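Input: a single structure, listed below in structure tokens.
There are 2 protein chains.
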Amino acid sequence: MNNPLILVSNDDGITSKGIRVLVEAMQTIGEVVVVAPDSPQSGMGHAITIGDTLKLEKSDLFEDVDSYACSGTPADCVKIAKHYVLKDRKPDLVVSGINHGSNTSISVLYSGTMSAAIEAALEGLPAIGFSLCDYASDADFSHTVSHIIKIAKETLKRGLPKGIALNVNFPAIQTEDIKGLKICKQADAKWQEEFDERHDPYGRRYFWMAGEFVNFDKGTDNDQWAVDNNYISLVPCQYDLSSKSAIDIISSNWDL
Amino acid sequence: MNNPLILVSNDDGITSKGIRVLVEAMQTIGEVVVVAPDSPQSGMGHAITIGDTLKLEKSDLFEDVDSYACSGTPADCVKIAKHYVLKDRKPDLVVSGINHGSNTSISVLYSGTMSAAIEAALEGLPAIGFSLCDYASDADFSHTVSHIIKIAKETLKRGLPKGIALNVNFPAIQTEDIKGLKICKQADAKWQEEFDERHDPYGRRYFWMAGEFVNFDKGTDNDQWAVDNNYISLVPCQYDLSSKSAIDIISSNWDL
Chain Y
0 MNNPLILVSN DDGITSKGIR VLVEAMQTIG EVVVVAPDSP QSGMGHAITI
50 GDTLKLEKSD LFEDVDSYAC SGTPADCVKI AKHYVLKDRK PDLVVSGINH
100 GSNTSISVLY SGTMSAAIEA ALEGLPAIGF SLCDYASDAD FSHTVSHIIK
150 IAKETLKRGL PKGIALNVNF PAIQTEDIKG LKICKQADAK WQEEFDERHD
200 PYGRRYFWMA GEFVNFDKGT DNDQWAVDNN YISLVPCQYD LSSKSAIDII
250 SSNWDL
Chain E
0 MNNPLILVSN DDGITSKGIR VLVEAMQTIG EVVVVAPDSP QSGMGHAITI
50 GDTLKLEKSD LFEDVDSYAC SGTPADCVKI AKHYVLKDRK PDLVVSGINH
100 GSNTSISVLY SGTMSAAIEA ALEGLPAIGF SLCDYASDAD FSHTVSHIIK
150 IAKETLKRGL PKGIALNVNF PAIQTEDIKG LKICKQADAK WQEEFDERHD
200 PYGRRYFWMA GEFVNFDKGT DNDQWAVDNN YISLVPCQYD LSSKSAIDII
250 SSNWDL
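In the order they appear, the protein sequences are chains Y and E. Its first residue numbered 0, the first sequence is counted upward by one per residue in numbering that gives the first Met the number 0. Its first residue numbered 0, the second sequence is counted upward by one per residue in numbering that gives the first Met the number 0.
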């Protein structure tokens, strides 16, 4: 494909280091347009802005790149990019990230990074969310770049099955320690929350939610195993949540 | 099951009519505890509150029901209910809704109602999201009650397969016009957005996002067809987004 049009978004906000690395990687492949949140939107899941207004400001953060900061969620950014900023131009690829922090396993549901990718898939566009298992704002993304370019080029070449977005996670290790890439499933894990109860200076109760990640999955064919064992994980995610096996069970056994 | 413990949440907020109808329906089955957002949270998807505090206030909105208003999202409500309010008591059933508005098809991704149900499923709890295809704040829920009680009782009796939550949608019609219940899949549809551009009194540009629902699905085995044809739809939804078929395609054909 000659000079493909690539839309870039994320959930950490347009000023984050991760999106800068991703934009520079995509500039080696094609024409880049950025529409990203004007503030951090981590944990926003697939939230959208209903009943409130959206702002969209031209940004000068990226040299030679048409870029915009949007007041909305990652899903809003993809919507306004598709239907307003790009309008009659259809992106050949949508990439989101690079997220500062893991989006393996069940985190895909809470992830703003992946909601941007899934929103693009809903629009029939090939889309990938990239995440690094390091929450630091100055995280070292250097080992991810060549792999991101390869995955993006292969996605542009092959396309993606209808209804699928890719969830790619990188372990936070040095380039030479990466063992390869695993195409795998979402690990069976969850966050085990604790609520830290406090009182404000006026005596009113409030909470901080804190969580510990608990992995129940003993297999080696899942994304959590992959990043824990120095592999890059790639999970093809579908937005059709219907469970055929559960439809069969309920249809044959239940009295409804 | 003798006097089951039922947790009720929603996304329209604890003062909405829909949750009141659901609480009253559940009181005919067991002991009810309510933890619901203190303000409307429609379109919040599976958002959670990271990096900010949560408030939880005892509510006196429901007679003889232990109830709490939480400043967080629907997913936050289920988390704080499970890990703080109920602590050592495990609910036998979690129900969310009744939503003022449809959550058929792709709306399941944007739905706060369904995120509460899916969050409960993640915790290993049987969970159902109920929605009425009527956005009015004074919508008529009377035809939903007997069906909700039946579905809730059957779920308590049968349990749900691991990783599954139910998405139930009611057409906005009179009781006698309901043709029955369809166990079905999520329709292949999407929202087609338009962005209405305006300027504030200071000349700054802002947008209202408006959308039109576009149904590509020509089948009769999906939730949108069901509610459009006067059936109640029931879709079993899984939170494992991994696509086995896409894993196979990418594993065999791609050069990564």
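Note that CB positions come from ideal geometry on N, CA and C, so glycine has one too. Please read all numbers here as calculations on a predicted model, not as lab measurements.
(1) Is it buried or exposed, residue 149 of chain E, if we count other Cβ atoms within 10 angstroms and call 16 or more buried?
(2) Beta-carbon of residue 235 of chain Y versus every beta-carbon of chain E: anything under 8 angstroms?
(3) Counting only the same chain and skipping the five closest in sequence on each side, list residues whose C-beta sits under 6 angstroms from that of residue 169 of chain Y.
(4) Could you tell me the distance, in whole angstroms, from the CA atom of residue 233 of chain Y to the CA atom of residue 181 of chain Y?
(5) For residue 171 of chain E, which residues of its own chain have a beta-carbon under 8 angstroms away from its beta-carbon, when the five flanking residues on both sides are left out?
(6) Using 8 angstroms as the cut-off, can you tell me whether the region 108–118 of chain Y makes contact with the region 44–55 of chain Y, which would need three or more C-beta pairs spanning the two stretches below that distance?
(7) Flag residue 160 of chain Y as yes if its beta-carbon sits less than 8 angstroms from any beta-carbon of chain E, otherwise no.
(8) What are the residues of the region 26–52 of chain Y that lie near chain E, defined by any Cβ-Cβ distance shorter than 7 angstroms?
(9) Residue 211 of chain Y lies in the beta strand (DSSP E); which residues open and close that run?
(10) Quick check: the Cα distance between residue 89 of chain Y and residue 81 of chain Y, rounded to an integer number of angstroms?
(11) Assuming residue 194 of chain Y and residue 206 of chain Y form a contact by the criterion Cβ under 8 angstroms, report the distance between their Cβ atoms to the nearest whole angstrom.
(12) Which chain E residues are close to residue 1 of chain Y, counting only those with a beta carbon under 8 angstroms from its beta carbon?
(13) Within the 8 angstroms Cβ cut-off, does residue 144 of chain E reach chain Y?
(14) Note down the Cα distance separating residue 99 of chain Y from residue 84 of chain E, rounded to an integer number of angstroms.
(15) Please state whether the Cβ-Cβ distance between residue 292 of chain Y and residue 30 of chain Y is less than 8 angstroms.
(16) Could you give the first and the last residue of the continuous alpha helix (DSSP H) run that contains residue 76 of chain Y?
(17) How about residue 263 of chain E: is its C-beta nearer than 8 angstroms to some C-beta of chain Y?
(18) Are the CB atoms of residue 12 of chain Y and residue 39 of chain Y within a distance shorter than 8 angstroms?
(19) If residue 14 of chain Y sits next to residue 60 of chain Y, beta carbons under 8 angstroms apart, how far is it from one beta carbon to the other, in whole angstroms?
(20) Find the residues of chain E that neighbour residue 245 of chain Y, judging by a C-beta separation of less than 8 angstroms, and give them in chain order.
(21) So if DSSP puts residue 129 of chain Y in a beta bridge, which residue, or which two residues, is it bridged to?
(22) Using three-state DSSP, classify residue 173 of chain E as helix, strand or coil.
(23) Which term fits residue 36 of chain Y, buried or exposed, when burial requires 16 or more other beta carbons within 10 angstroms of its beta carbon?
(24) Would you report the Cα separation of residue 27 of chain E and residue 58 of chain E, rounded to the nearest angstrom?
(25) Starting from the C-beta of residue 183 of chain E, find all residues in its chain whose C-beta is less than 8 angstroms away, skip the five residues before and the five after it, and write them out in chain order.
(26) Once the 5 residues before and after residue 122 of chain Y are set aside, which same chain residues still bring their CB inside 6 angstroms of it?
(27) Quick check on residue 250 of chain E - is its C-beta less than 8 angstroms from some C-beta in chain Y?
(28) For residue 254 of chain Y, which of helix, strand or coil comes out of DSSP?
(29) Against chain E, with Cβ distances strictly below 8 angstroms, would residue 78 of chain Y count as a contact?
(30) Mind checking the region 181–210 of chain Y against chain E and listing, in chain order, the residues whose C-beta falls within less than 9 angstroms of any C-beta there?
(31) Less than 8 angstroms between CB atoms is the rule here; does residue 124 of chain E satisfy it with respect to chain Y?
(32) Taking residue 25 of chain Y as the reference, give the member of Y:93, Y:10, Y:75 with the closest Cα.
(33) Quick one: residues in its chain with C-beta nearer than 7 angstroms to the C-beta of residue 189 of chain Y, no 5 flanking neighbours on either side, listed in chain order?
(34) Please tell me whether residue 107 of chain Y and residue 166 of chain Y are closer than 8 angstroms, where the distance is taken between their beta carbons.
(35) Verify whether the separation of the beta carbon atoms of residue 164 of chain Y and residue 236 of chain Y is less than 8 angstroms.
Quick look at the numbers:
(1) exposed
(2) yes
(3) 131, 143, 231
(4) Straight-line Cα distance between these residues: approximately 6 angstroms.
(5) 131, 132, 133, 138, 139
(6) At 8 angstroms Cβ cutoff, the stretches touch.
(7) yes
(8) 41, 42, 43, 44, 45, 46, 47, 48, 49, 52
(9) Looking at the DSSP string, the run of the beta strand (DSSP E) that includes residue 211 of chain Y is 204–214.
(10) 7 angstroms
(11) At roughly 5 angstroms, the Cβ-Cβ gap stays under 8 angstroms, so residue 194 of chain Y and residue 206 of chain Y are in contact.
(12) Ordered by position in chain E, no residue passes the 8 angstroms Cβ test against residue 1 of chain Y, which lies about 20 angstroms from the chain.
(13) no
(14) 32 angstroms
(15) Only positions 0 to 255 of chain Y appear in the structure, and residue 292 of chain Y is not among them; the question remains open.
(16) Run containing residue 76 of chain Y: 73–79, per the alpha helix (DSSP H) assignment.
(17) As displayed, chain E neither begins before 0 nor continues past 255, which places residue 263 of chain E out of reach and without an answer.
(18) yes
(19) Yes, residue 14 of chain Y and residue 60 of chain Y are in contact; Cβ-Cβ is about 7 angstroms, under 8 angstroms.
(20) 159, 160, 163, 235, 237
(21) Y:167
(22) Per DSSP, reduced to three states, the secondary structure at residue 173 of chain E is coil, with no helix or strand assignment.
(23) Residue 36 of chain Y counts as buried, since at least 16 other C-beta atoms from the protein chains shown sit within 10 angstroms of its C-beta.
(24) 21 angstroms
(25) 220, 221, 222, 224, 225, 232, 233, 234
(26) Spatial neighbours of residue 122 of chain Y in its own chain (CB-CB distance under 6 angstroms, excluding positions within 5 residues in sequence) are listed in chain order as 81.
(27) yes
(28) coil
(29) yes
(30) 182, 183, 184, 185, 187, 189, 190, 191, 192, 193, 194, 196, 197, 199, 203, 204, 205, 206, 207, 208, 210
(31) no
(32) Y:93
(33) The beta carbon of residue 189 of chain Y lies closer than 7 angstroms to those of 105, 213 in the same chain, with the five residues before and after it left out.
(34) yes
(35) Inclusion of residue 164 of chain Y and residue 236 of chain Y in the CB contact set at 8 angstroms is warranted, their separation being smaller than that value.
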